[in-house]
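Residue numbers (the numbering used here): 171 to 519.
Read the structure below first, then the notes.
Now the structure itself:
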């Protein structure tokens, strides 16, 4: 069996386990809502998605235990499969929480019940696979604390209250928001007998990968974020100091959503003229490069290929974006000089 076919077989087993969980555990009135949530959240192109491959294109998001398991071949398949379902349920939980915070989904009865069911099942799957494995449940508690803290602090940034925010803080908060996503992968390493140092190193690999994804996501989806009032760090970097607070808000008030006098057309011009986009892409590429370096200590070829591909693609994209912006700047300067020299035929840029 090739590496790609082995990964596809693993994905199919996780898909079947997810469908069994929905059909056997959830009451009938929640099953349709559970299957439709990835579509409602914008992660599936169609409501009738059949596989987590249709929801998450990158294997790191849907198959992390398998990728880590390549480095720990003695971990039993039944444990990898149980952790595979726990992984997609953890990602699903994080997406529901993120969407609820962003008001993409309301705090409806069905959503709350599905969320609670997700928590119960992923806890059961982790317990089945890991048992009382030393160290794991301490990681579990710490990562959920980080996860809750990351989500709790985000509204202050959106409201423009974090005046001293920087890329180091952004990376820490991004890692905290997705901390729980790495738990099943770390469980595989612990089951495989990894040393504490190796588990810590693998945790940094996963953090770096997910922070890179956050940089890419914020640069790619800034228009949707702006329209919804979700003023991410990417958007904040395009605002003037007086524009970073909710108009008319009290000095200490934190508003989750903005009603801005700044138009989307104005923001598009600012984004096009600034170097922020390529900076975000270069930083994302840098995080993936760090993944590749950290993975040198492990035998995880599929994981390394994924990180390498992301690193190279984003570096090329950032370079192309910078080149285009510099060409536009040079054309503008050339047009100004022609106007200054009295050339009436100078084009308007």
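Just so you know, even glycine gets a beta-carbon here, dropped at the ideal spot from N, CA and C.
**OP:** Using 10 angstroms around the beta-carbon of residue 503, count the other beta-carbons present and answer buried if the total reaches 16, otherwise exposed.
**Re:** exposed
Original post:
CA-CA distance, residue 377 and residue 352?
Top reply: 8 Å
Original post:
Could you give the uninterrupted runs of the beta strand (DSSP E) lying entirely in the segment 218 to 302, keeping only those of 3 residues or more?
Top reply: none
Original post:
By Cβ distance, which residues of its chain are closer than 7 Å to residue 228, with the 5 residues on each side in sequence left out?
Top reply: 476
Original post:
Do residue 242 and residue 356 have their CB atoms nearer than 9 Å?
Top reply: no
Subject >> residue 500 versus residue 282: straight-line alpha-carbon distance, rounded >> reply: 54 Å
Original post:
residue 481 and residue 462: beta carbons closer than 9 Å?
Top reply: yes
Subject >> Integer Cβ distance of residue 458 from residue 379, believed to fall under 8 Å >> reply: 7 Å
Subject >> Nearest-angstrom Cα separation, counted from residue 391 out to residue 398 >> reply: 11 Å
Subject >> residue 181 versus residue 259: straight-line alpha-carbon distance, rounded >> reply: Between the alpha carbons of residue 181 and residue 259 lies a gap of roughly 14 Å.
**OP:** Can you give me the start and stop residues for the alpha helix (DSSP H) that residue 384 sits inside?
**Re:** 366 to 390
Subject >> residue 441 to residue 434 span [Cα, whole Å] >> reply: 10 Å
Original post:
Apart from the five residues on each side of it in sequence, which residues of its chain come closer than 6 Å, Cβ to Cβ, to residue 448?
Top reply: 488, 491, 492
Original post:
What is the rounded straight-line gap between the Cα of residue 178 and the Cα of residue 226?
Top reply: Their backbone Cα atoms lie some 13 Å apart in a straight line.
Subject >> Closest residue to residue 219 among 301, 205, 231 (Cα-Cα distance) >> reply: 205
**OP:** Report the rounded CA-to-CA distance for residue 425 versus residue 299, giving the unit in angstroms.
**Re:** At residue 425 the pLDDT is 46, less than 50, meaning the model places this residue with poor confidence; the figure from the coordinates comes in the next sentence. Roughly 42 Å between the two C-alpha positions.
Subject >> Burial state of residue 344, where buried means 16 or more other Cβ atoms lie within 10 Å >> reply: buried
Subject >> Under 9 Å between C-beta atoms of residue 287 and residue 195 >> reply: In contact: residue 287 and residue 195 (Cβ atoms closer than 9 Å).
**OP:** Please list, in chain order, all residues of the same chain as residue 347 whose beta carbon is under 8 Å from its beta carbon, the five residues on each side excluded.
**Re:** 264, 268, 317, 320, 321, 324, 384
**OP:** Would you kindly check if the distance between the Cβ of residue 349 and the Cβ of residue 314 is under 9 Å?
**Re:** yes
Subject >> Supposed contact pair residue 255 and residue 184 - C-beta distance, whole angstroms, cut 8 Å >> reply: That belief holds up - the Cβ atoms of residue 184 and residue 255 are roughly 6 Å apart, short of 8 Å.
Original post:
Roughly how many angstroms lie between the CA atoms of residue 285 and residue 474, to the nearest whole one?
Top reply: 32 Å
Original post:
From what residue to what residue does the alpha helix (DSSP H) around residue 207 run?
Top reply: Here the alpha helix (DSSP H) through residue 207 covers 198 to 210.
Subject >> Rounded separation between residue 373 and residue 257 - CA only >> reply: 15 Å
Original post:
Grouping DSSP H, G and I as helix and E and B as strand, with all else coil, what is residue 497?
Top reply: helix
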